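Quick notes on the structure that follows.
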């Protein structure tokens with residue numbers, strides 16, 4: 002089956018630093034990847050849709066300059082949290098689909114970010 | 014935007030018993046998909062079952078089945094013969110126009 006990985010699985014950083022999270026589709030090419038944020042005991046909130054070779058589409062309320070998304074290849078999308086602050090601490094999950102507008106998504110295992 | 018509502022924050026069921034998780038959604042679209050995802054303590058999202066809105070027949074996957082009431086915009090999940098491994102958060106989700114909308118989740122505890 003389709004497998005999506007994320008790296009790192011967890012990260013601790015100091016306030017003011019930037020953190021990059023990678024999302025990889027291991028055995029398929031993903032033209033579209035999605036980034037979600039999940040607070041403790043809450044649901045997944047879509048942050049942005051990452052399209053290979055083009056700019057990401059951000060959801061309303063998500064700061065583009067704060068959460069930089071790059072989808073440079075068909076198997077890799079990155080989320081960079083710039084100038085991280087404690088309120089950015091959360092669980093970040095990516096997902097990927099085999100084709101654009103395909104309803105079946107494959108989720109990564111998530112990355113836990115803690116900003117001190 | 015679509016909204017998905019799960020009114021049961023937490024539920025418990027005895028092992029081998031049956032439990033039903035509720036979900037309602039709101040959409041003005043005719044073509045959409047509905048899903049139930051399971052998130053165990055590992056936090057990995059696992060697809061449990063999916064339903065295409067244009068299909069009237071309720072989806073079934075082994076011990077998992079849904080009751081899809083399109084007019085009422087209801088999409089409940091029934092778990093039969095509950096197992097300890099079913100303990101997890103369960104999220105109901107709708108999909109349309111390349112976006113997923115998730116409910117707030119129901120924490121299911123299966124007791125031995």
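Protein chains in written order, with this note's numbering: chain A, 2 to 117; chain R, 14 to 125. Even for Gly, the Cβ is constructed at its ideal location relative to N, Cα and C. These numbers come from a predicted model, not from an experiment.
Exposure of residue i, with buried meaning 16 or more beta-carbon neighbours within 10 Å
| i | result |
| --- | --- |
| residue 40 of chain A | exposed |
| residue 70 of chain A | buried |
| residue 72 of chain R | buried |
| residue 115 of chain R | buried |
| residue 110 of chain R | exposed |
| residue 74 of chain A | exposed |
| residue 99 of chain R | buried |
| residue 30 of chain A | exposed |
| residue 13 of chain A | exposed |
| residue 118 of chain R | buried |
| residue 67 of chain R | exposed |
| residue 51 of chain R | buried |
| residue 121 of chain R | buried |
| residue 54 of chain A | exposed |
| residue 44 of chain A | buried |
| residue 102 of chain A | exposed |
Simplified DSSP assignment, three categories, for residue i
| i | result |
| --- | --- |
| residue 66 of chain A | coil |
| residue 88 of chain A | helix |
| residue 75 of chain A | coil |
| residue 39 of chain R | strand |
| residue 61 of chain A | coil |
| residue 121 of chain R | strand |
| residue 56 of chain A | coil |
| residue 21 of chain A | strand |
| residue 3 of chain A | coil |
| residue 107 of chain R | strand |
| residue 108 of chain A | strand |
| residue 27 of chain A | coil |
| residue 83 of chain A | coil |
| residue 102 of chain A | coil |
| residue 112 of chain R | strand |
| residue 32 of chain A | coil |
| residue 96 of chain A | strand |
| residue 39 of chain A | strand |
| residue 45 of chain A | strand |
Residues near residue i in its chain [Cβ-Cβ closer than 6 angstroms; skip 5 each side]
| i | result |
| --- | --- |
| residue 11 of chain A | 113 |
| residue 77 of chain A | 25 |
| residue 38 of chain R | 17, 86, 107 |
| residue 146 of chain A | The requested residue 146 of chain A is not part of the displayed model; chain A covers only 2 to 117. |
| residue 98 of chain A | 33, 106 |
| residue 90 of chain R | 34, 49, 79 |
| residue 102 of chain R | 52, 118, 120 |
Contact set for residue i: own chain, Cβ-Cβ below 7 angstroms, skip 5 residues either direction
| i | result |
| --- | --- |
| residue 86 of chain A | 16, 116 |
| residue 76 of chain R | 92, 93, 94 |
| residue 123 of chain R | 26, 28, 95, 96, 97, 99, 100 |
| residue 125 of chain R | 28, 97 |
| residue 50 of chain A | 33, 35, 57, 58 |
| residue 28 of chain A | 3, 4 |
| residue 100 of chain A | 32 |
Same chain, Cβ closer than 8 angstroms to residue i, five either side skipped, listed in chain order
| i | result |
| --- | --- |
| residue 108 of chain R | 45, 46, 47, 48, 114 |
| residue 83 of chain A | 19, 66, 67, 68, 69 |
| residue 20 of chain R | 35, 37 |
Residue i beta carbon near the ligand GDP (any heavy atom closer than 7 angstroms)
| i | result |
| --- | --- |
| residue 108 of chain R | Among the components of this structure there are no ligands whatsoever, and the ligand GDP is therefore not found. |
Do three or more CB pairs link the stretch 80-97 of chain R to the stretch 86-101 of chain A at distances below 8 angstroms?
Two segments are said to touch when three or more pairs of C-beta atoms, one from each, lie closer than 8 angstroms; by this definition the stretch 80-97 of chain R does not touch the stretch 86-101 of chain A.
Segments assigned beta strand (DSSP E), at least 3 residues, entirely inside the stretch 14-100 of chain R:
The qualifying runs are 16-18, 23-27, 32-34, 37-39, 46-52, 59-65, 77-82, 87-92.
Could you tell me whether the stretch 55-63 of chain R touches the stretch 25-45 of chain R, where touching means 3 or more Cβ pairs closer than 8 angstroms?
No: fewer than three Cβ pairs fall under 8 angstroms.
Looking at C-beta atoms only, is the number of pairs between the stretch 24-38 of chain R and the stretch 54-64 of chain A that lie closer than 8 angstroms three or more?
The answer is no - the stretch 54-64 of chain A does not touch the stretch 24-38 of chain R, with fewer than three Cβ pairs under 8 angstroms.
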